[in-house]
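All remarks here apply to the structure that follows.
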Amino acid sequence: MPTELTRILELLQFPFMQRAMLGGILTGLMGGMLGSFTILRQLSFFSDALGHSALLGISIGLLLGLNPSAVLLPFAVVFALIVTYLLERTRLWTDALINIIYSSSLAFAIIILSFVEQYKGGLNNLLFGDILAVREADLIFSAGLLLVCIVFIGLTLRTQMLLTLHEPLAIARGVSVSAHRTAFIVLLSLVVGISIKAIGILLVSAFVVIPACAARFLSRT
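Printed below as a string of structure tokens:
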């Protein structure tokens, strides 16, 4: 057996390496499942904006003395609801609106961080990710979220495809566009939020966009 393969198998004997591998697999599955819909709906910038805007949630958590990781998911949901609300009530283009929210959140985050006198570490891990720090609780939550993604896409696949490819036709058929859009964006925000710990804020959009773009080269339609 090659030496390199032996070393890999030896590393996989450690629990933290097993958690890291399983966490990466779960993250990849969730990103791949939602990625195509995200790109076709022109929301590819949303995952990147959410990742960067999450710095605001982290800053608020630091200022209040809370665990930054515990603030990420609630902030992600609030961010998703705000974006959905504004998309339905403004005449701005999707990418322009998300850019405004993202830039504003980042600016407020920098201001808030200036008031945090001391931070004992962990910010670099949130920016660049630390997949070796994935815990069993993270795996359980990721597995549950993956199950939710499978059920959601499985039950609403036709509706999601119709909304993605021809929204006016979906409206004409009586589909609740607002409810389905909100549900999808909230689900995407949860996936991005839970993946930040492993992937990092700066690269979190890659696991949503790149697999879907790669699949585009293999598809015929």
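Using the working numbering, the first residue of the sequence shown is number 354, and each one after it goes up by one.
Even for Gly, the Cβ is constructed at its ideal location relative to N, Cα and C.
Alpha carbon to alpha carbon, what distance is there between residue j and residue i?
i: A523; j: S572; result: 24 Å
i: L379; j: F468; result: 36 Å
i: L439; j: F461; result: 19 Å
i: L500; j: G384; result: 13 Å
i: I411; j: L555; result: 14 Å
i: D491; j: I435; result: 26 Å
i: V431; j: I484; result: 25 Å
i: L540; j: E363; result: 36 Å
i: T356; j: A565; result: 34 Å
i: I361; j: P368; result: 13 Å
i: I563; j: L445; result: 26 Å
i: T443; j: M370; result: 47 Å
i: G553; j: L508; result: 31 Å
i: L510; j: R526; result: 15 Å
What does the Cβ neighbour count give for residue i, buried or exposed, with the cut at 16 atoms within 10 Å?
i: C502; result: buried
i: S456; result: exposed
i: A551; result: buried
i: V545; result: buried
i: V561; result: buried
i: G497; result: exposed
i: L425; result: buried
i: S400; result: buried
i: L396; result: buried
i: F537; result: buried
Assuming residue i is part of the alpha helix (DSSP H), what are its boundary residues?
i: V562; result: A559 to L571
i: A373; result: P368 to L393
i: D448; result: T447 to L466
i: T512; result: E489 to L518
i: R444; result: No alpha helix (DSSP H) contains R444, which DSSP labels as neither H nor E.
i: V544; result: V530 to I552
i: R360; result: T356 to L364
i: G410; result: S397 to L416
Determine whether the beta carbon atoms of residue i and residue j lie at a separation below 8 Å.
i: G388; j: V557; result: no
i: A429; j: A407; result: yes
i: I506; j: M374; result: no
i: F398; j: I451; result: yes
i: T447; j: R534; result: no
i: T512; j: L393; result: no
i: A402; j: I454; result: yes
i: E520; j: V530; result: yes
i: S548; j: A433; result: no
i: V528; j: R372; result: no
i: S458; j: L415; result: no
i: G381; j: S495; result: no
Legend entry - Three or more C-beta pairs below 8 Å linking the region 475–484 and the region 410–425: yes
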